[in-house]
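In structure tokens form, the structure reads like this:
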């Protein structure tokens, strides 16, 4: 694979139909309110009014973000009914939403390291053994990779098509 560093706007990675995955992901989750709601759902808060309370966001903002997260498959609605009350909906992760949690943990880990003297109020742990979880870059061979050791290579989508000709 060829290196992508220093590519120009004429390169294929800048064609609109080849939008960067980061760009597409940021279109979906690039606001503070979405991350706060995702955090609270991960912590177990799944009812609308509790999400408003725990995040400190306004009711319209939480409603809008949940509508978007539901439409894009990050969360889904689950019906529930407390005794003597009308039926309501709670929110639980779909697989894509759950798979955002390492990104949330990485941001939290970074914030604990650089923005907090005492670290954060909570830390992710492995549910199986209770040990702390750390988000670290790792290569396919299992090596932990330091930030200054990370390179960028064009993906297979940019390799030229091989056409076989009879002959």
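Residue numbers (the UniProt record's numbering): 1 to 167. Every residue, glycine too, gets a C-beta built ideally from N, C-alpha and C.
Leaving out the 5 sequence neighbours to the left and right, which residues in its chain are closer than 7 Å to residue 59 when beta-carbon positions are compared? 52
Does the beta-carbon distance from residue 43 to residue 66 come in below 8 Å? no
On the DSSP letters alone, give me the boundaries of the alpha helix (DSSP H) that residue 23 sits inside. Where residue 23 is concerned, the enclosing alpha helix (DSSP H) stretches over 21-29.
Go to residue 86, then tell me how far its beta strand (DSSP E) extends in each direction, as first and last residue. Element bounds for residue 86: n/a, residue is neither H nor E.
Go through its chain and collect everything with a Cβ distance to residue 46's Cβ below 7 Å, but skip five positions before and after it. Closer than 7 Å at the Cβ level, and outside the excluded window around residue 46, lie 90, 91 and 92.
Does the distance from the CB of residue 55 to the CB of residue 36 come in under 8 Å? yes
Would you kindly report the start and end of the unbroken alpha helix (DSSP H) that includes residue 34? Residue 34 -> alpha helix (DSSP H) spans 32-43.
From the DSSP output, which residues share a beta bridge with residue 152? DSSP output for residue 152 lists no bridge partner at all.
Quick one, are the C-beta atoms of residue 87 and residue 79 less than 8 Å apart? Yes; because the gap between Cβ atoms is below 8 Å, this pair is in contact.
Where does residue 150 land, buried or exposed, given buried means 16+ other C-beta within 10 angstroms? exposed
Excluding five sequence neighbours on each side, which residues of the same chain lie with their C-beta closer than 8 Å to the C-beta of residue 120? 108, 111 and 112
Using DSSP with H/G/I as helix, E/B as strand and the rest coil, what is residue 106? helix
For residue 122, the first and last residue of its enclosing alpha helix (DSSP H): Element bounds for residue 122: n/a, residue is neither H nor E.
Going by beta-carbon coordinates alone, are residue 152 and residue 144 separated by less than 8 Å? no
Given a cut-off of 8 Å, decide if residue 133 and residue 124 are closer than it, judged by their beta-carbon atoms. yes
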